[in-house]
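A.B. asks: Here's a structure for you.
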Amino acid sequence: MTKLWDKGIELNHLILNYTSAEDSQLDKRLIPYDLKGSDAHAKMLHSQGYLNDDEIDQIVKALNELEVSFQEGHWNISADEEDCHSAIENALTRKLDQLGGKIHLGRSRNDQLLCALRLYLLDVCNQISQAIDDLIKSLDQINSNFGQIAIPGYTHLQQAMPSSVQLWAQGFISELDQNKHRVAQLRE
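Under this note's numbering, the first residue of the sequence shown is numbered 121, with each subsequent residue one higher.
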């Protein structure tokens with residue numbers, strides 16, 4: 121299989137490996153999100169009359185099957201496919217023949233990539249936000265159990281003043297709340 125960007129000029133394989141050898145490994149994490157984007161795009165094509173009821177049913181079913189089989193480790197991006205977009209289209213075409221190629225009607229690879237990256241980053245933001253919530257809950261629990269215990273406060277790596285576990289934990293909670301707010305801004 122030729123590369124999508126191949127212009128018939130022989131490339132130095134050392135340069136090719138240096139510039140893009142790990143791309144397919146990085147793209148693996150985008151597959152579930154690219155599948156979701158493809159599902160939404162197919163539904164839009166159906167709503168605009170470019171896919172009939174039977175075609176959309178077949179495509180949605182195939183995309184769902186691809187997601188399950190990917191999660192179970194039954195398929196992946198091959199070196200020939202280069203990226204998740206080609207891998208998904210090839211898998212759909214193997215399942216649905218020419219119908220699999222219709223999934224990209226009116227959709228550029230740049231559109232696909234931006235959609236998959238946005239969905240991926242939204243998911244990562246949600247995971248970070250949840251981790252911050254969990255950490256704040258743990259610090260609140262420490263506060264409840266040990267907040268009144270006196271500990272030394274430090275400045276310039278030296279003991280400087282009396283403090284407490286509560287003040288120590290509240291300092292972290294305050295910073296974590298600010299970080300959670302910043303993550304929420306990223307989602308917007």
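Note that the Cβ used here is the ideal one computed from N, Cα and C, for glycine as well.
Remember, it's a predicted structure, so these values are computed and weren't measured experimentally.
Look up Met121 in the DSSP assignment and say whether it is helix, strand or coil.
C.D. replies: Since pLDDT at Met121 reaches only 48, below the 50 mark, its modelled position is unreliable, and the value read off the structure follows with that caveat. Correct three-state label for Met121: coil.
A.B. asks: Taking the C-alpha atoms as reference points, what is the distance between Ile271 and Lys156?
C.D. replies: Answer to the nearest angstrom: the Cα atoms are 51 Å apart.
A.B. asks: If you count every other CB in all the chains shown that lies within 10 Å of the CB of Gln279, and 16 or more means buried, which is it?
C.D. replies: Exposed: under 16 other Cβ atoms inside 10 Å.
A.B. asks: Just verifying my parser: in three-state terms, what is the DSSP assignment at Ser283?
C.D. replies: DSSP places Ser283 in strand when its eight states are reduced to three.
A.B. asks: Ignore the nearest five residues each way along the sequence and tell me which others in Glu209's own chain have a CB closer than 8 Å to its CB.
C.D. replies: Contacts found: Gly220, Gly221, Ile223, His224.
A.B. asks: Just to confirm the assignment: which complete beta strand (DSSP E) runs, minimum length 3, are found wholly within the region 248-307?
C.D. replies: Within the region 248-307, the complete beta strand (DSSP E) runs of at least 3 residues are 270-275, 278-284.
A.B. asks: What is the residue span of the alpha helix (DSSP H) that Gln178 lies within?
C.D. replies: Counting along the chain, the alpha helix (DSSP H) containing Gln178 begins and ends at 173-191.
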